[in-house]
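What follows is a single structure, written as structure tokens, with notes after it.
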Amino acid sequence: EDEVVLLGSQGEESVTAEHLASLIGTIPYEVVTRINWDIPRIVVD
């Protein structure tokens with residue numbers, strides 16, 4: 160199984176809602192709320 164990080168960090172790399180929003184010309188709220196609910200959310204501390 161492959162691990163995919165949509166938002167967050169892994170190792171030295173990170174992806175933020177702010178960064179994605181700036182790439183597509185929107186606000187972070189829209190990035191977060193447009194993630195399909197069929198995608199499982201797994202929070203890792």
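Heads up, the sequence shown is in our numbering, so the first residue is 160 and it goes up one at a time.
We put the beta carbon where it would ideally sit given N, CA and C, even for glycine.
Model, not experiment: these values are computed from the prediction.
1. If you draw a straight line from the C-alpha of glutamate 177 to the C-alpha of valine 163, how long is it?
2. Consult DSSP for valine 174 and reduce its assignment to one of helix, strand or coil.
3. Could you tell me the alpha carbon to alpha carbon distance between glutamate 172 and leucine 179, rounded to whole angstroms?
4. Nearest CA to the CA of proline 187: which residue from Gln169, Trp196 and Val174?
5. Rounded to whole angstroms, what is the Cα-Cα separation between glycine 167 and isoleucine 194?
Based on what the coordinates show:
1. Numbered from 1 along the sequence shown, position 18 holds the residue referred to as residue 177. Numbered from 1 along the sequence shown, position 4 holds the residue referred to as residue 163. Looking at the backbone, the Cα of glutamate 177 and that of valine 163 are separated by about 18 Å.
2. For this step, residue 174 is matched to residue 15 along the sequence shown. DSSP, reduced to helix, strand and coil, places valine 174 within a strand of the structure shown.
3. Indexing the sequence shown from 1 puts residue 172 at position 13. Indexing the sequence shown from 1 puts residue 179 at position 20. Their Cα atoms are separated by approximately 14 Å.
4. As a working note, residue 187 is residue 28 in the sequence shown. Among Gln169, Trp196 and Val174, the Cα nearest to that of proline 187 is on Val174.
5. Here residue 167 refers to the residue found at position 8 when the sequence shown is read from its first residue. Here residue 194 refers to the residue found at position 35 when the sequence shown is read from its first residue. Pairing glycine 167 with isoleucine 194, the inter-Cα distance amounts to about 14 Å.
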